Amino acid sequence: MATIDLHTHTTASDGTNTPAENVRLAREKGLKAIAITDHDTIGGIEEALAAGRECGVEVVPGIEISTLRHGQDVHVLGYFIDYQQEGLHHELHKLRDVRAKRNEMMVARLNELGIEITMEEVRAKQTEPEGNIGRPHIAEVLMDKGIVDSMEEAFEKYLGREGKAYVNPPRISPEDAVRLILRYGGIPVLAHPGLYDDDPLIEELVALGLKGIEVYHPDHTDREIEKYSRIAAELQLIATGGSDFHGERNGQVFHSDLGSQPVPAEALEKLKQLKHMRDNRAKKEL
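Be aware that the sequence shown starts at 183, since it is given in the numbering used here, and climbs by one per residue.
Here's what the structure looks like:
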C-alpha cells in the first residue's frame, strides 16, 4: 500500500482538483505525504501547504518542467524547490508563454484536420483563472464534442507524440531544466524515463546534477520498473515515483488515481536528506 505520492497535478496546471482537494484526498487514502508537481508553475504550492498543515499530510513543494529534446517532450521534476524566489517566478513565466503558444498551434492543427474547436472552448475547461492550460484541457473538449471517447484516445489519435495534431515549438532543454531547478535550491529528478526511449539522457543529466529518476510510474511496465531501479542503483540516484494524478475528466482518471502507484517511503526521506545537505552547504558558503 502506498504511503506517499510524489507526482500529482492540480488546477494550477492541468489537473481537475484544487491543491487543497489533492491534499484532502491524500488524507482520505491514508497517505502520509504528497508532492505538488504542476507543469511549469508553483501556483498551487501555498494552498497545498496550508491544507497539509490542517490535514496532517506532509506536502512537498515541487514542479514538473516541460522541455524538448530531439523533437519530443521530456519532463524534469524539481522537489523542495525554493518556490518563493522572484527569479524563479520570472523563469516560469517564460515557460508558460511557450506552453500557451503550443496550445494555440495544436488547436490550429485540429482545425486544419476539419475538427471545429476554439481556444475559447479550451479555456472554458480551465477552472483556475491563473492556472496553466495543457493538452488534457484540449482532450476534454474533444471528448465533449464526441470526437474521441477517452483521454487515451485523444492523446493516441491527436495530442500525443504520434498524434495528428502534435506540435512542439522550441523550448528549454532537459539540461537547462536541471540547471534551473538546482539554481533555485531544488532536487532535479527525471520524470517517467520509460516514455522517452532515450536512456543515454540519464547519464548526461547526472553529469549536470540530476539526483533521481522516476522509477515507479503508471506508464512504466514491470520490466521498465526493474530496469530503472537497476539504473538508479548503478548511478547512485534516488528512485522516486508517483501516480501522475491529474484528477477526473468525464468520469475517467488520468493517468492513475492518487496514491495508486506504490512508491518506497524511503524515496522521500532521501530527497529530504539531500535537500538538508544542500541547504547546509549553501549556508556555509555565505
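Built from N, CA and C at the ideal position, the CB exists for glycine as well. It should be emphasised that the depicted structure is a prediction, and the values quoted were computed from it without experimental measurement.
Reducing DSSP to helix, strand and coil, say where residue i ends up.
| i | result |
| --- | --- |
| residue 353 | coil |
| residue 344 | coil |
| residue 260 | strand |
| residue 205 | helix |
| residue 398 | strand |
| residue 360 | helix |
| residue 453 | helix |
| residue 411 | helix |
| residue 436 | coil |
| residue 385 | helix |
| residue 246 | strand |
Verify whether the separation of the beta carbon atoms of residue i and residue j is less than 8 Å.
| i | j | result |
| --- | --- | --- |
| residue 332 | residue 187 | no |
| residue 258 | residue 194 | no |
| residue 400 | residue 184 | no |
| residue 233 | residue 295 | no |
| residue 429 | residue 198 | yes |
| residue 367 | residue 460 | yes |
| residue 196 | residue 318 | yes |
| residue 323 | residue 307 | yes |
Am I right that residue i and residue j are in contact with their C-beta atoms under 8 Å? What's the rounded C-beta distance?
| i | j | result |
| --- | --- | --- |
| residue 410 | residue 397 | 4 Å |
| residue 369 | residue 394 | 7 Å |
| residue 239 | residue 213 | 7 Å |
| residue 427 | residue 417 | That pair is no contact at about 27 Å. |
Using 10 angstroms around the beta-carbon of residue i, count the other beta-carbons present and answer buried if the total reaches 16, otherwise exposed.
| i | result |
| --- | --- |
| residue 229 | buried |
| residue 325 | buried |
| residue 191 | buried |
| residue 352 | exposed |
| residue 201 | buried |
| residue 422 | buried |
Sorry if obvious, but does the Cβ on residue i come closer than 7 Å to a heavy atom of the ligand GTP?
| i | result |
| --- | --- |
| residue 428 | The ligand GTP is not part of the structure shown, which contains no ligands of any sort. |
message: Does the region 283–297 come into contact with the region 211–227, if we say contact requires no fewer than three beta-carbon pairs (one atom in each stretch) closer than 8 Å?
response: Contact between the region 283–297 and the region 211–227 is absent: fewer than 3 CB-CB pairs across the two stretches fall below 8 Å.
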